[in-house]
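Residues in the sequence shown are numbered consecutively from 0, following numbering that gives the first Met the number 0.
Encoded as structure tokens, the structure appears first; notes follow it.
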Amino acid sequence: MSAPAPRPPSVDSLLGPGGALEEALPAYEHRPEQLQMARAVERAFTEGSYLLAEAGTGTGKTLAYLVPALLSGRKVVVSTATKTLQDQVFFKDLPLLSEKLGLRFEAAYLKGRGNYLCLHRYESFEKDPQFVSKEEAKQWPLLKKWVTQTETGDRAELDLPESFAAWSRLSTTSETCLGSRCSLYETCFVTRMRKRAEVADLLVVNHHLFFADLALRSSGKRTEGVLPFYDAVVFDEAHALEDAASSHFGCSVSNYRLEELSRDAVAALPVKDERHATLSALAQRVRSHADALFLQAPRALGLSSQESTVALRPETMGKLSGALEQVREGLAALASFAGSEREPELAAIHRRAEEMAEQLTFLEKSESADHVYWAEARGKGLFLRANPIDVAKELRDRLYGALDTVVFTSATLAADSRFDFFAKRMGMYDEEGQPVTRVRTLAVPSPFDFPRQSALYLPTHLPDPSAPGFIEAAAEEIIQLCEVTGGRAFVLFTSLRNMVRAYELTATRLPYQALLQGERPKQQLLDAFRQTPSVLFAAHSFWEGVDVPGDALSLVIIDRLPFASPGDPLVAARIRQIQARGEEPFDQYQLPQAALALRQGFGRLIRTQADRGIVAMLDRRIVTKSYGRVFLSSLPPAKRMEDTTELSRWFNGPVRPVPPVRSIR
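This is the structure we're talking about:
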């Protein structure tokens, strides 16, 4: 009698109590929260529904969505907000499932085109390599040798400085790529990457690549994206989706973009070609008119050294109408000439010039009610931008209609224990508040013992954050708090101005290494922070996606409640849009958005069951204002304190033993 055929793997047999994962990894303990989420994800794939799954830190949510995705038999995209998580999924979690559990699948890791060497542009650059400095020129022999050896063309294989300026001339973007008309299309590294992706069961990407690809293929103008067609999407770190989507569904014209077009036009034909002189003259015309436009723009638009962003309005853009018209005329002449020729390089110049002229017209009119228009100065660059105010409709039109299964997961999706805010912002409800598809929600708690592992310090003696002297008082509080933990602190700010001022007031008085965001690359700052007791002053990018487990981080100080600035053009436009609907923007947008951001900041502290530490919120409004309840109810149940003496006693007192991880047998 033959033995019964082995049962196919399932979510329960792999992640359940006594399952294959426990057998393969002796140190692994079954997590009921992980299995609960995995079953919900499995159900979404089976029935074709949308799932909003909030999974607390330590739940094991990555395996909870990877296992059912791989078992679904469908082609699934996993999209993350950060490269750190993208690397973890591809280089750690997927090999675990393959090597330890024996799952058979093909996976592909994809980045944006700008990460890969463009062989066509490399050929052109090699004929006349130009560098901005002698230091960059020293990298050239190493880069040339790498080109003969690399199989991926991924610049991550090279130890190039982040600021290596020549890379922009050695790589391409969706705008500058020649696509299938390129003579090196078949050997192109992006083409090879896409072919690997076409046969893969699971694609690991980041949000920016996903939405850049979606915007391109849904634009109606060009259909060749980086990603092949897929059946379902899992968005990890889904709290970051709105901003990523908004940036790719809009348009932007900058001095950099026009300079690049002019440079590429000059290089599109060899110097000996009889058409080169005409093409170069047309490109130079665009460049000179663009220089004149962006020289006039800051004063005309009201940009100053104190204001890096300003809203665009028809009346302010009218001051630039003459300069804008000259740029458009130059683009039209360049497009006309390039469009009359057959070379793929010139066809690309034709397309790019036409698109930029159209976008400049759209920006000049600034009249679409569902877009926000603004100018932004960044370094030597000036950007004229237009983004959709609300990405809900864009997602319904571009994404949801094509997919029956989408999973959104993060440690922070619910505000005040409700998913309404996120679901509405993501377009899962129409204007009448009716769901556009089958939507299910799930919230699984963190297995961490927050009352034992963490304290929430809420001082009320500090001035209101808007009062004079707040940052000076906050600086004194930072010094006292760092004495409690021996440094080992993140001090997170909602503004760069407060960050720099607090650093100036405290750095020389702290007996620990003081680090400031921006002084070194992010990874170097984190490496230095882990190596010796430190205090890191940071904003923005350190609020989320940063993982420092263990004793190196024992204190997270937050200067004020992270309300988005109403002076930000996009935030201001969203507020006006909500008001126009007769709703209250503070309750419907500003408060839940800030509550989610605060949870992200809190989440930097406790990363494992052995971690222990303090989160200090220096903004008294969390206690004194009625809306503070929303913030407090959104945070993990840490032990609350108002006195530094009590705080020191708790932190330096005896530590109760760590309870075993809960397990169902």
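Using N, Cα and C, we set each Cβ at its ideal position, and we do this for glycine too.
It should be emphasised that the depicted structure is a prediction, and the values quoted were computed from it without experimental measurement.
Among the bridge pairs identified by DSSP, leucine 515 is matched with Phe536. In the DSSP assignment, histidine 370 forms a beta bridge with Pro387. For the pair of segments examined, the region 163-173 was found to touch the region 106-123: the number of CB pairs separated by less than 8 Å reaches three. The beta carbon of leucine 515 sits closer than 6 Å to the beta carbons of Tyr502, Phe536 from its chain, once the five residues preceding and following it are set aside; these are given in chain order. In summary, valine 131 is exposed, with fewer than 16 beta-carbon neighbours lying within 10 Å of its beta-carbon over all protein chains present. In this structure arginine 30 does not touch valine 10 by the C-beta definition: roughly 13 Å separates them, more than the 8 Å allowed. A distance below 8 Å separates the beta carbons of arginine 284 and alanine 332.
Ranked by Cα distance from glycine 101, the options Ser12, Val75, Gln35 are led by Ser12. In this structure the region 540-549 touches the region 603-610; the number of beta carbon pairs closer than 8 Å is three or more. Lysine 143 counts as exposed, since fewer than 16 other C-beta atoms from the protein chains shown sit within 10 angstroms of its C-beta. Secondary structure of valine 252 (DSSP, three-state): strand. Looking from the CA of valine 75, the closest CA among Leu201, Gln587, Glu344, Glu340 belongs to Leu201.
If you keep only unbroken beta strand (DSSP E) runs of at least 3 residues inside the region 50-110, you get 75-79, 106-108.
Under the 8 Å Cβ criterion, the region 258-277 does not count as touching the region 424-444, having fewer than three qualifying pairs. Closest by C-alpha distance to aspartate 369, out of Glu583, Ala410, Asp153, Leu569, is Leu569.
The secondary-structure analysis by DSSP pairs lysine 194 with nothing; it has no beta-bridge partner.
Taking every protein chain shown into account, the CB of glutamine 33 has 16 or more other CB atoms within 10 angstroms, so this residue is buried.
The beta carbon of tryptophan 649 sits closer than 6 Å to the beta carbons of Ala454 from its chain, once the five residues preceding and following it are set aside; these are given in chain order.
A direct Cα-to-Cα measurement between asparagine 497 and tyrosine 121 gives close to 44 Å. In the same chain as phenylalanine 421, and ignoring 5 residues on each side of it, the C-beta atoms closer than 6 Å to its own belong to Leu412, in chain order. Of the residues assessed, proline 7 falls on the exposed side of the cut-off, its CB having fewer than 16 other CB atoms within 10 angstroms. Here aspartate 153 carries a strand assignment [DSSP, helix/strand/coil]. The alpha-carbon separation between leucine 208 and arginine 351 amounts to approximately 20 Å. Pairing threonine 484 with isoleucine 613 gives a Cβ-Cβ distance under 8 Å. If only uninterrupted alpha helix (DSSP H) runs of at least 4 residues are considered, those enclosed by the region 559-615 are 568-579, 590-601. Per DSSP, arginine 38 lies in no beta strand (DSSP E) segment; the continuous alpha helix (DSSP H) that holds it begins and ends at 31-46. With the rule of 3 Cβ pairs closer than 8 Å, the region 336-353 does not count as touching the region 290-305. Non-local beta-carbon contacts of aspartate 550 in its own chain, meaning distances under 7 Å to residues more than five positions away in sequence, involve Arg487 in chain order.
In the DSSP annotation of this structure, the continuous segment of the beta strand (DSSP E) that includes asparagine 205 starts and ends at 201-205.
Inclusion of leucine 311 and alanine 374 in the CB contact set at 8 Å is warranted, their separation being smaller than that value.
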